[in-house]
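First up is the structure itself, then whatever we jot down about it.
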């Protein structure tokens, strides 16, 4: 733990928060350029085109501030209100767009639903315009055209020229502070617009309340409350300019605020230091000499604007943009150094380290430097009491598969804190549920299952510390037996969810069965036999929705009759969420052996898998399912969405395990590229990237909740994993080449592995793993 | 101070808060009926008809909860939205109405603008209706008809039968908790409606956000944020039922909340324990046997729902309605005992003790039992650090005249706390201003002047403790020289506010001049000569707006030319706020002698005063000025509104002081009655009532900021003032009768007074004041 002083008070900054404090900055040798050995391979632009939904802007690892440009985001309607685009602009940026409306401080990385986009800042020159204008006619508002030729997106640094204003914009961050540097032409009418109406996932009425308090000629504090995907979210801020503004003002776009105070006593419209209302755009005016830079620091807090001021004071006291940038890049370098790889070419390194980068963006730190955070119960709590760092943004349907297992390996301290964050969420939940899709002190109930139990069981299987294991067991049991949640009583009664009760009865049954297996594993390790037995039995419920007459999982009604008129290729409306029966029939990660038996044995299973990767899926089967696109398809296998992520590894349970090896290598090569369109689907807060990292290293967690990884075919030539416990785990790949995708032998510390697995402790106790590669598979 | 334990924590309950704790309850002998000797004279119904704007419901002295019925309040528009009635329903109740829509927990007493009305509760029986319905057709909604024959309104107790449902409703309170008792007929469909959309001063968009959390089968917590007269106000609550509800639900009337969570995972519409949105009405269902009572406790907090729970735990642990009621009535009795009077008849006692009651309602306590409160800066502060009780609702344009001076006499500890509350407001004000019209952590800038300085100067003149005097001096100077506020720079430059800059240039100039005199007095006492001189000079600015050619104060432009086409009878648009030149010309409370000289000397002044009280003012001169009505007029003198309240006492500076005596007695008799229409104008949070108390006792603070009271003609036969310092001050009136309105002699401790004044210290040092009455005036 790092103890430091904020405004005369002793505060505790937990080491896991990786707060970049000035003290730390000064104690380290900060490189002065952007050529750090591994950071240079990070290309945040990857995934920003079409489906990746990543953002190119600046952030430190797991930063609370993720500061990034917003492009055409929002078609602007005639009455001056934004129109939402829920899906396309999840990260605020689309590479093919031509304009930037400004730079906002909060983003999801790679999600399939949008929110956030807090506190849009846009510098302009000339006549003040408070409307963003339209992409078709950028001059109609404050937005500006830009070009990728002047754009630079690196870890913790983003730069672009705003062509309409001849302004160079640069961004960097600390954990809780965004720093802007705008270099102006000579002008007596420079403006900084603070658009508090800007939102990702915007619509009339989303802005619940906005409050700005101008505390001196260069400092503004306040907050905004929004009713979005996070239904009841308040983000606080403190904003500081490097130079006093000469005047300021705002416009309130709301039409439902009859009482505006008495303007005969004050003119509150200009230079009045308290601004509040439903829909506010503020502006600050400056003079600028040619080439003069105006810098802005924007600190965030989940708790109060005083908290934001304290965060700024602690993390970013001065005005040294490069120092902040370099400190953040050094923090990234340290994270990337946890896996040092050699590859056949630099392109693979770019994919790998960008995947590392994208894996370490969400969940984000959600607490002030003094440990205060807002809980799901809308009350203020302090994390220091429980000695953890509070995280938010858990996209668990996606991330329980590989991202959280990756954290158990590369971020064990954070992994423990994330479990503790989930247990606090459970404590604060009015219905006593672990998170499903939670963000910023809100639960959105997005997607299905209760996959927090997978994350927790996996952490326990892998001896992650930092939370109370028995309490965790109670929390997963309570969650999995919640009578209010998504047909659990029916699931308990019938052993599956009847078709008539749910549009996703089959996939939810399958997910519950896997989650139940996780609970069983956890109970076993913690010595609770009756829970182990109860949930082991529930874990077999997947069998109840399998229809042997057609060979697929299939919706079934209360009386046990399968649904008529069923199409196993269709991804929507057939009892599954975001997927078809082809893919979901393979979703039994915890019991591949049982699944093979159920579906006709080894040969039939191999044939099924082969067909999955080769059967062409016509557009009509997925064009209405947003998360599935042609980009992310390989045959009928969907790599661009999560439910299939384990499938390539299932060949390992058959008599043709080499097909896991060739298929994994094929996916690594076809679904990940260095370009803006380099991701075949939503990154989903790092799940797509985590799949890449594991698979490139040669192993993958098919069933989190077990401590075993399944072996595939490594992409790297070698890798060294630096563990938090001080040990290292080295991966050597003998005979690696583009053609040599088959593994003829694997040795752990010189002993040939007879199984297709290694365990977490094999890795964490340090050692050497050697793959011997060949262009031919073993028999 | 009383120390007590809340949930295992030691908390400090300041004695001034008069929190009715269970500990106190148990330690006292609680009378079991409502016949306490003085409480029985309190008739909260006085002022509830037409213009008084008082409420008849239950409250303890200065209670944070003021729980009262809401009558026809709201014409209901076709689209399901309320239409605001800003003025008529300031207190939520009008005596002439025929229906009750429910019972709400916060009210202003006697104001001229509405807000509050938090958390309307309405019990019903039969088919659930979530709309209030219309007064014309009560059956169209949940409202009920009622009759005054079943109504009882006493100090801290209100009872009425809800005829449409055969429910008896009873209300009582502690400082922070409202208690409801509803006695039902036999039914299997009793409902308690919790209407979170109900507001006083309502309009679409006023409800910013509503949050309900059902924490068990009989407890609900939450909050509501509103954008009303207080622009950014959040009130938190904790609500407990004496009996578990059998089911519950809500309706969200908002049309701008696209994301509602996923109903396929939960049905959130019924029996789901988290309810939130813009516009919420919730309901709770019960069975009831004939004559069964369901009780409800509703605790409020300015800080958090946990604060509300703690408040409930501290103040109202059990379910003994009578104990709570009796404890509150005992608290009232103790307040009323501070002035024991004998009168010619009971009617005067009713007026007097009801005036005492109405004077001790606002300002209200605005902090939790643990000292936490929300500041004007929207941050949470703790009052224990500064050892004060935080108060809110300062209607200072009204109350600086007599209500706050009354507090210096009868509530000196509270008076100090109120000044400290104002100084905290100053600290928290972004523009460094003392309160103008502040309420619930908001400043509304209503009305004119900076009259907090009058209250503070008066407190210093009268040796009130509990705040830092030098800091107070800085605060009043900063306030009075604020370059942003209402034309202060022009006032400083010209010595008056030019007509072109303000619609109320003359009255504001006059008010500033008086306030400046207050600052001068305060500076003098605190030894700051230069400030004394500076503000003594400013205090003479009243002379700058007097036009000797017509004999009235009159708007004047920058070049010194008086406005043409000026009508001194007109109350609107002639340079004055809520008053005409006739009344405002007499508004120089700090320098009557100078005013007499300015306006032509003694005889002319007497003639002017005589004319004021006798000149008939036709309707056309005031019918567009809400706060002035025929009820409150005596000739052209307006007792129903504040600017004239000192005028009757001005005869004391002339050669015919007996006219003060007869006029005061005439006003006491004509403007105050025992009936619902017993107040001739808005009580204005107690100012009308405080005028009555002082005048009935025989003296009045013409110029707060001085420690002198001006003598009038007492209404009482005798009075004993029990002072907080333990001393008593006795008033005897020899020869009192309805006819003997003239004072032939006054003795203080046996010595005849040569002057027409007594000082605060004359009173607070204890002693005897004897008036000798006659039916003829002297000379």
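Protein chains in written order, with the UniProt record's numbering: chain A, 1 to 779; chain B, 1 to 779. Note that CB positions come from ideal geometry on N, CA and C, so glycine has one too.
Buried versus exposed, by CB contacts within 10 Å (16 or more), residue i
{"i": "residue 739 of chain B", "result": "exposed"}
{"i": "residue 614 of chain B", "result": "exposed"}
{"i": "residue 404 of chain A", "result": "buried"}
{"i": "residue 624 of chain A", "result": "exposed"}
{"i": "residue 27 of chain A", "result": "Caution applies to residue 27 of chain A, whose pLDDT of 42 falls short of 50 and renders its modelled position unreliable; the model cannot decide the point."}
{"i": "residue 117 of chain A", "result": "buried"}
{"i": "residue 597 of chain A", "result": "exposed"}
{"i": "residue 101 of chain A", "result": "buried"}
{"i": "residue 339 of chain B", "result": "buried"}
{"i": "residue 561 of chain A", "result": "exposed"}
{"i": "residue 189 of chain B", "result": "exposed"}
Rounded Cβ spacing between residue i and residue j (contact assumed at less than 8 Å)
{"i": "residue 735 of chain A", "j": "residue 364 of chain A", "result": "About 41 Å; that fails the 8 Å criterion."}
{"i": "residue 322 of chain B", "j": "residue 280 of chain B", "result": "With a Cβ gap of about 33 Å, residue 322 of chain B and residue 280 of chain B do not count as contacting."}
{"i": "residue 368 of chain A", "j": "residue 454 of chain A", "result": "Going by Cβ atoms, the distance from residue 368 of chain A to residue 454 of chain A rounds to 30 Å, so no, they are not a contact pair."}
{"i": "residue 90 of chain A", "j": "residue 53 of chain A", "result": "4 Å"}
{"i": "residue 93 of chain A", "j": "residue 68 of chain A", "result": "6 Å"}
{"i": "residue 809 of chain A", "j": "residue 401 of chain A", "result": "Here chain A has residues from 1 to 779 only, and residue 809 of chain A is not among them."}
{"i": "residue 633 of chain B", "j": "residue 617 of chain B", "result": "6 Å"}
{"i": "residue 361 of chain A", "j": "residue 48 of chain A", "result": "Wrong, their Cβ atoms sit about 13 Å apart, outside the cutoff."}
Among the options, the one whose alpha carbon lies nearest that of residue i
{"i": "residue 520 of chain A", "options": "A:328, A:534, A:672", "result": "A:534"}
{"i": "residue 293 of chain B", "options": "B:109, B:166, B:546", "result": "B:166"}
{"i": "residue 472 of chain B", "options": "B:754, B:463, B:457", "result": "B:457"}
{"i": "residue 119 of chain B", "options": "B:37, B:45, B:216, B:296", "result": "B:296"}
{"i": "residue 424 of chain A", "options": "A:412, A:438, A:482", "result": "A:438"}
{"i": "residue 749 of chain B", "options": "B:743, B:741, B:728", "result": "B:728"}
{"i": "residue 187 of chain A", "options": "A:289, A:241, A:229", "result": "A:289"}
{"i": "residue 479 of chain B", "options": "B:490, B:210, B:433", "result": "B:433"}
{"i": "residue 466 of chain A", "options": "A:104, A:275, A:502, A:389", "result": "A:389"}
{"i": "residue 551 of chain A", "options": "A:537, A:607, A:45", "result": "A:607"}
{"i": "residue 772 of chain B", "options": "B:476, B:278, B:762, B:751", "result": "B:751"}
{"i": "residue 85 of chain A", "options": "A:35, A:114, A:105", "result": "A:114"}
Within-8 Å CB hit, residue i to chain E
{"i": "residue 227 of chain B", "result": "In the displayed structure, chain E is absent; the protein chains listed are A and B."}
Distance cut-off 7 Å: residue i Cβ against heavy atoms of the ligand HEM
{"i": "residue 271 of chain A", "result": "The ligand HEM is absent from the structure shown, which contains no ligand whatsoever."}
Exercise for review: Output, in sequence order along the chain, the residues in the region 472-489 of chain A whose CB is closer than 7 Å to any CB in chain B.
Suggested key: 484, 485, 486
Review point. Does the region 655-665 of chain A come close enough to the region 694-714 of chain A to have 3 or more Cβ pairs within less than 8 Å?
Key: yes
Review point. Would the region 421-439 of chain B and the region 379-396 of chain B be scored as touching if the rule is three or more Cβ pairs under 8 Å?
Key: yes
Exercise for review: Scan the region 421-447 of chain A for residues whose Cβ lies nearer than 7 Å to a Cβ of chain B and list them as they occur along the chain.
Suggested key: 430, 431, 444, 445, 446
**Study point:** Positions along the region 374-402 of chain A whose CB lies within less than 9 Å of some CB in chain B
**Key:** 377, 378, 379, 380
Point to revise | Short-range partners of chain A found in the region 193-215 of chain B, where Cβ spacing is below 9 Å | key: 201, 203, 204, 205, 206, 208, 209, 211, 213, 214, 215
Review point. For the 8 Å Cβ check, are there 3 or more pairs between the region 269-284 of chain B and the region 168-181 of chain B?
Key: no
Check your understanding: Does the region 677-694 of chain B touch the region 99-110 of chain B, meaning 3 or more C-beta pairs lie closer than 8 Å?
Key -> yes
**Study point:** Selection of the region 285-308 of chain A by Cβ proximity to chain B, strictly under 7 Å
**Key:** 304, 306
**Study point:** Near-chain B residues of the region 742-761 of chain A - C-beta to any C-beta below 8 Å
**Key:** none
Review point. Taking one C-beta from the region 498-518 of chain A and one from the region 568-575 of chain A each time, how about it: are there three or more such pairs within less than 8 Å?
Key: yes
Practice item. Count the C-beta pairs between the region 133-149 of chain B and the region 157-164 of chain B that are closer than 8 Å, then say yes if the count reaches three, no if not. Key: yes
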